[in-house]
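What follows is a single structure, written as structure tokens, with notes after it.
Protein chains: 2
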Amino acid sequence: MSIPAGDGVARSLDPDNWDEFTRTSHNALDLMIDFLRGVAEGPVWRQAPPEVQARFDAPLPHDGQDFSAVIDIFRSSILPYGTGNLHPLFMGWVHGAGTPYGMIAEMLAAGLNANCGGRNHIGIEVERQIARWAAEMFGYPAGASGLFVTGTSMATFLGLLVARDAAVGHEVRRGGLKSDPQLVLYASSEAHGCVPQAADLAGIGSAHLRLVPVAANGGIDVDRLRIAIRSDRDAGHRPFLVVGTAGTVNTGAFDDLDALADVAHAEGLWFHVDGALGALAILSPTFRPRLKGLERSHSIAFDFHKWAHVPYDAGFLLVRDPNLHRATFAHPVPYLARAPRGLGSGGTWPRDLGPDLSRGFRALKAWMTIRTLGADRIGAAIDRCCAVARHLEGLLAASSSFVPAAPVHLNIVCFGLRGRREEALLEPIVMDLQERGIAAPSMTVLDGKPVIRAAIVNHRSEERHMDLFVRELEASRQRLAGTAC
Amino acid sequence: MSIPAGDGVARSLDPDNWDEFTRTSHNALDLMIDFLRGVAEGPVWRQAPPEVQARFDAPLPHDGQDFSAVIDIFRSSILPYGTGNLHPLFMGWVHGAGTPYGMIAEMLAAGLNANCGGRNHIGIEVERQIARWAAEMFGYPAGASGLFVTGTSMATFLGLLVARDAAVGHEVRRGGLKSDPQLVLYASSEAHGCVPQAADLAGIGSAHLRLVPVAANGGIDVDRLRIAIRSDRDAGHRPFLVVGTAGTVNTGAFDDLDALADVAHAEGLWFHVDGALGALAILSPTFRPRLKGLERSHSIAFDFHKWAHVPYDAGFLLVRDPNLHRATFAHPVPYLARAPRGLGSGGTWPRDLGPDLSRGFRALKAWMTIRTLGADRIGAAIDRCCAVARHLEGLLAASSSFVPAAPVHLNIVCFGLRGRREEALLEPIVMDLQERGIAAPSMTVLDGKPVIRAAIVNHRSEERHMDLFVRELEASRQRLAGTAC
Chain E
0 MSIPAGDGVA
10 RSLDPDNWDE
20 FTRTSHNALD
30 LMIDFLRGVA
40 EGPVWRQAPP
50 EVQARFDAPL
60 PHDGQDFSAV
70 IDIFRSSILP
80 YGTGNLHPLF
90 MGWVHGAGTP
100 YGMIAEMLAA
110 GLNANCGGRN
120 HIGIEVERQI
130 ARWAAEMFGY
140 PAGASGLFVT
150 GTSMATFLGL
160 LVARDAAVGH
170 EVRRGGLKSD
180 PQLVLYASSE
190 AHGCVPQAAD
200 LAGIGSAHLR
210 LVPVAANGGI
220 DVDRLRIAIR
230 SDRDAGHRPF
240 LVVGTAGTVN
250 TGAFDDLDAL
260 ADVAHAEGLW
270 FHVDGALGAL
280 AILSPTFRPR
290 LKGLERSHSI
300 AFDFHKWAHV
310 PYDAGFLLVR
320 DPNLHRATFA
330 HPVPYLARAP
340 RGLGSGGTWP
350 RDLGPDLSRG
360 FRALKAWMTI
370 RTLGADRIGA
380 AIDRCCAVAR
390 HLEGLLAASS
400 SFVPAAPVHL
410 NIVCFGLRGR
420 REEALLEPIV
430 MDLQERGIAA
440 PSMTVLDGKP
450 VIRAAIVNHR
460 SEERHMDLFV
470 RELEASRQRL
480 AGTAC
Chain H
0 MSIPAGDGVA
10 RSLDPDNWDE
20 FTRTSHNALD
30 LMIDFLRGVA
40 EGPVWRQAPP
50 EVQARFDAPL
60 PHDGQDFSAV
70 IDIFRSSILP
80 YGTGNLHPLF
90 MGWVHGAGTP
100 YGMIAEMLAA
110 GLNANCGGRN
120 HIGIEVERQI
130 ARWAAEMFGY
140 PAGASGLFVT
150 GTSMATFLGL
160 LVARDAAVGH
170 EVRRGGLKSD
180 PQLVLYASSE
190 AHGCVPQAAD
200 LAGIGSAHLR
210 LVPVAANGGI
220 DVDRLRIAIR
230 SDRDAGHRPF
240 LVVGTAGTVN
250 TGAFDDLDAL
260 ADVAHAEGLW
270 FHVDGALGAL
280 AILSPTFRPR
290 LKGLERSHSI
300 AFDFHKWAHV
310 PYDAGFLLVR
320 DPNLHRATFA
330 HPVPYLARAP
340 RGLGSGGTWP
350 RDLGPDLSRG
360 FRALKAWMTI
370 RTLGADRIGA
380 AIDRCCAVAR
390 HLEGLLAASS
400 SFVPAAPVHL
410 NIVCFGLRGR
420 REEALLEPIV
430 MDLQERGIAA
440 PSMTVLDGKP
450 VIRAAIVNHR
460 SEERHMDLFV
470 RELEASRQRL
480 AGTAC
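Residue numbers (numbering that gives the first Met the number 0), protein chains in the order written: chain E, 0 to 484; chain H, 0 to 484.
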């Protein structure tokens with residue numbers, strides 16, 4: 000198509016000088032590749048000094064500035080002060096480590112700038128491909144429906160809504176929740192905070208989530224679950240949902256998903272699985288058997304940004320019954336009506352499967368990562384994380400100062416100090432390791448006692464890093480115990 | 000830090016050959032820069048042929064493949080089949096057009112791969128900077144709290160939850176909604192579908208959203224709003240929220256936000272503004288007066304991916320009272336406890352202001368875009384979109400075939416064909432223009448009648464593109480009218 004150039008050409012927001020933009024962009028790419036190649040050599044974390052923080056307390060800029068100057072600020076004041084989760088000695092919380100492939104995929108997605116809320120374009124097809132891959136991985140029917148969201152917390156909330164509608168009918172969308180009978184749901188006492196949060200957001204209330212105690216293996220006590228359901232029915236409540244956990248946040252324990260599927264099916268409840276930590280362990284031949292029963296669930300929440308190392312964020316909801324999924328969220332409005340052909344055509348749009356009309360092209364980074372690495376290599380990296388965690392467990396068991404505080408089910412090692420008196424040293428030790436830039440574990444509480452928690456999620460973490468970690472734990476302990484004396 | 004390299008080095012998911020990765024990545028960057036430089040020259044949209052779609056219906060790959068081969072698939076099978084919203088003749092729905100700067104920003108964010116759910120790192124500071132800029136733009140107090148989300152639909156849902164808690168107390172998070180008294184909310188009949196959706200997701204029910212008729216200017220009829228509130232109070236219901244619209248989805252009309260603020264304050268209701276389409280018009284001196292009263296609202300939902308042209312997705316929620324915001328979402332759990340120092344420190348985390356624990360670094364692309372372009376240039380581009388829309392309106396008014404169907408309040412032009420009989424041609428004309436790759440308007444319904452809708456959101460759109468558009472509309476009309484005869 001040839002349109003004579005108007006005088007407005009220079010007024011778009013595109014670069015006035017494309018050659019300069021091209022040079023600056025290639026420099027920025029080299030900066031990032033150098034960063035990624037050397038990420039293990041730098042400190043795991045450093046505190047941004049006040050003068051750096053002050054750069055982000057400026058008034059709204061009315062005028063622009065050279066893109067290369069903005070990149071320079073990124074280089075000096077942002078790049079050195081990230082979360083640290085790319086470093087092999089980052090073990091805090093549960094963070095994926097990313098890959099260089101994911102970085103390029105995000106560049107491509109942002110350049111293409113597709114809105115994957117709907118319409119007839121390739122972004123929708125790529126997202127459907129990921130849903131089919133997820134269905135294949137988890138043993139769901141091929142027609143299961145899937146949707147990218149931010150993370151597992153959002154996916155669990157949306158899963159709860161599909162369960163709500165399945166239980167009480169889609170009229171609830173118009174009429175709202177009724178207090179009588181009261182909807183109630185179930186999960187283990189070790190379930191992630193996103194489960195009570197989902198009940199809160201949905202207006203059901205987190206107090207109507209029954210936190211069933213766990214058995215010795217860290218998984219939900221299924222007999223006590225059955226008793227809780229009976230008790231709620233006797234009280235006139237309406238049980239509708241049981242949430243199984245594939246990998247608890249504190250210790251990586253698994254619920255017996257097969258037993259939960261039995262209970263859910265017998266009781267007519269929706270069975271949702273929170274697989275944020277452990278669902279992708281299905282790619283590991285070692286851990287796959289732990290997930291038996293997952294294939295019988297009604298919905299699964301998980302994410303690609305942890306153990307598939309896709310850049311943040313890339314959560315996913317998979318729902319067995321695509322019709323129930325669609326009926327929970329589809330919302331016919333004239334400005335989104337489907338056309339027979341053209342851009343406005345295309346059957347079910349992601350917009351019909353969740354609340355977002357504006358959605359980035361998250362599927363691209365997941366697709367490129369899986370195509371480039373292959374599912375088996377991702378599974379092998381998961382295996383390796385768990386082996387590294389067991390190595391750390393062994394080092395701690397052999398240590399005269401530290402001691403494991405819980406079984407290592409998967410990739411999470413919780414530990415304390417031998418000698419109850421020294422408990423108060425744990426958090427100072429963690430902060431010391433972080434502030435020295437050596438390692439970044441985090442803290443949690445097990446059985447009412449503070450413990451250090453090391454979650455090995457990083458494909459760059461190796462046994463030798465754990466050797467160093469335990470040596471430095473001991474160094475921090477001695478330093479701080481000395482200070483305390 | 001020096002750790003002897005283990006034999007596991009090659010087993011990470013990083014490239015085995017960094018030099019090859021570097022070459023491929025620079026080629027991918029050049030591919031995208033060429034694409035962006037030439038975006039106006041290609042077709043606005045093309046249908047992906049079946050053999051291309053079939054590439055995304057493959058089984059889960061167990062083995063990986065060369066990254067350069069994956070990039071080749073992107074080049075041949077994804078890049079040509081996007082949404083089309085970068086093209087100056089894309090006018091469908093309401094889509095931002097992106098910028099090359101945003102593409103690089105996303106690459107940097109994905110390489111850094113920060114999880115902006117929380118912790119002490121620079122990503123959190125940059126997000127706070129955007130919240131302060133948003134507060135400054137919209138006339139909120141400097142301490143207002145802000146949060147990136149996917150889009151305005153999600154931001155409006157979260158805003159409704161803050162309003163819910165402010166109305167009935169935070170105990171609702173545990174205890175759930177009570178049916179009596181029934182919560183009710185208000186918006187105009189032209190409000191976006193995300194408003195009833197928010198009531199649906201929250202369990203209040205979309206039927207408890209009162210859709211108040213609009214006045215002749217397309218804005219909510221404030222007298223009828225007052226009557227509706229009184230009537231609900233008389234019926235024993237509990238009004239709690241009024242949602243104002245800054246730019247309706249169909250015609251770009253504005254509610255009288257100042258009058259809505261008066262009503263909300265007099266009635267003790269939360270005043271939330273859906274600013275998806277029009278809030279950023281505050282950057283334009285021409286349109287700023289339309290937003291008078293916005294500064295008196297309690298919360299604003301808007302996004303940076305439309306008129307700030309930040310890549311998808313980049314929605315934002317701004318809340319005047321940070322304590323109410325935090326109290327609606329903060330959820331103390333031991334694995335997210337705050338430490339006095341180190342990575343686990345840092346006061347309010349984004350995780351305390353919304354449901355997401357895993358969140359990408361959306362703030363970076365917004366920050367880099369605004370720093371590079373400056374707020375005034377973004378405002379000028381908004382002005383220009385509206386001027387281009389008025390130019391289109393003028394062309395249509397002068398056309399013997401087409402006729403504007405609604406006043407052009409902002410940047411949206413709805414139009415039909417002169418002569419009622421020809422109404423059935425509208426959708427075929429839209430599809431024809433899309434399929435020919437010439438232009439991409441969309442369809443909507445006004446006053447029960449189908450109309451073509453052209454939303455000029457693109458900084459690349461100029462008057463000369465509208466001249467071509469109207470010529471090609473006429474060509475399509477003649478072709479299709481001929482076929483129909």
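Glycine included, every Cβ here is placed at the ideal spot set by N, Cα and C.
Check: Proximity of residue 39 (chain E) and residue 478 (chain E) at Cβ, strictly below 8 Å; Outcome: no
Check: Beta-carbon neighbours of residue 374 (chain E), restricted to chain H and to distances below 7 Å; Outcome: 59, 60, 61
Check: Candidates H:377, H:360, H:432, H:385: closest to residue 123 (chain H) by CA position; Outcome: H:360
Check: Nearest to residue 469 (chain H) (by Cα), restricted to the options H:388, H:422, H:10; Outcome: H:388
Check: Any chain H beta carbon closer than 8 Å to residue 210 (chain E); Outcome: no
Check: Segment contact flag, the region 109 to 128 of chain H with the region 71 to 81 of chain E, C-beta cutoff 8 Å, min 3 pairs; Outcome: yes
Check: For residue 271 (chain E): DSSP bridge partner residues; Outcome: E:242, E:298
Check: Secondary structure of residue 252 (chain H), DSSP reduced to three states; Outcome: coil
Check: For residue 8 (chain E), the three-state DSSP class (helix, strand or coil); Outcome: Residue placement at residue 8 (chain E) cannot be trusted, given a pLDDT of 42 that sits under 50; what the coordinates show is reported in the next sentence. Residue 8 (chain E) falls in the helix class under three-state DSSP.
Check: Contact check, residue 326 (chain E) vs residue 299 (chain E), beta carbons under 8 Å; Outcome: no
Check: Residue burial classification, residue 265 (chain H) (beta-carbon count within 10 angstroms, cutoff 16); Outcome: exposed
Check: Rounded straight-line distance, which links the Cα of residue 343 (chain E) to that of residue 336 (chain E); Outcome: 7 Å
Check: Heavy atom of the ligand FAD within 7 Å of residue 389 (chain E) beta-carbon; Outcome: The ligand FAD is not part of this structure, which contains no ligands at all.
Check: Under the three-state DSSP convention, the category residue 0 (chain H) falls into; Outcome: The predicted model places residue 0 (chain H) with a pLDDT of 43, which falls under 50 and marks its position as unreliable, so this point remains unresolved.
Check: From H:282, H:32, H:276, H:447, residue whose alpha carbon lies closest to that of residue 244 (chain H); Outcome: H:276
Check: Limits of the unbroken alpha helix (DSSP H) element including residue 378 (chain H); Outcome: 374 to 397
Check: Cβ contact (3+ pairs, closer than 8 Å) linking the region 216 to 232 of chain H and the region 154 to 165 of chain H; Outcome: no
Check: The region 410 to 428 of chain H / the region 388 to 400 of chain H touching (three or more Cβ pairs under 8 Å); Outcome: yes
Check: Contact with chain E by residue 222 (chain H), beta-carbon distance below 8 Å; Outcome: no
Check: 8 Å Cβ cutoff met for residue 110 (chain H) and residue 109 (chain E); Outcome: no
Check: Cutoff 8 Å: residue 205 (chain E) Cβ touching any chain H Cβ; Outcome: yes
Check: Outcome for residue 274 (chain H) when other beta-carbon atoms lying within 10 angstroms are tallied against a minimum of 16; Outcome: buried
Check: Best match in H:132, H:25, H:209 for proximity to residue 181 (chain H) [C-alpha to C-alpha]; Outcome: H:209
Check: Any C-beta of chain H under 8 Å from that of residue 247 (chain E); Outcome: no
Check: Nearest-angstrom Cα separation, counted from residue 247 (chain H) out to residue 204 (chain H); Outcome: 22 Å
Check: Within chain E, partners of residue 177 (chain H) - CB distance below 7 Å; Outcome: 178
Check: CB contact below 8 Å: residue 149 (chain H) versus chain E; Outcome: yes
Check: Residue-chain proximity (residue 322 (chain H), chain E), Cβ-Cβ < 8 Å; Outcome: no
Check: Buried versus exposed call for residue 211 (chain H) [16 or more other C-beta atoms within 10 Å across all chains shown]; Outcome: buried
Check: Cβ neighbour criterion (16 or more within 10 Å) applied to residue 134 (chain E); Outcome: buried
Check: Interface residues of chain E facing residue 380 (chain H) [CB-CB closer than 7 Å]; Outcome: 12
Check: Near-chain H residues of the region 86 to 113 of chain E (beta-carbon distance less than 8 Å), N- to C-terminal order; Outcome: 91, 92, 94, 95, 96, 97, 98, 99, 100, 101, 102, 103, 104, 105, 106, 107, 108, 109, 110, 111, 112, 113
Check: Own chain residues within Cβ distance below 8 Å of residue 428 (chain E), not counting five before or after; Outcome: 451, 472, 475, 476, 479
Check: Buried or exposed (CB count within 10 angstroms, at least 16 for buried), residue 420 (chain E); Outcome: exposed
Check: Cα-Cα separation, residue 485 (chain E) to residue 395 (chain H); Outcome: In the structure as shown, chain E starts at 0 and stops at 484, and residue 485 (chain E) therefore has no counterpart that could be examined.
Check: Bridge partner(s) assigned by DSSP for residue 144 (chain E); Outcome: E:318
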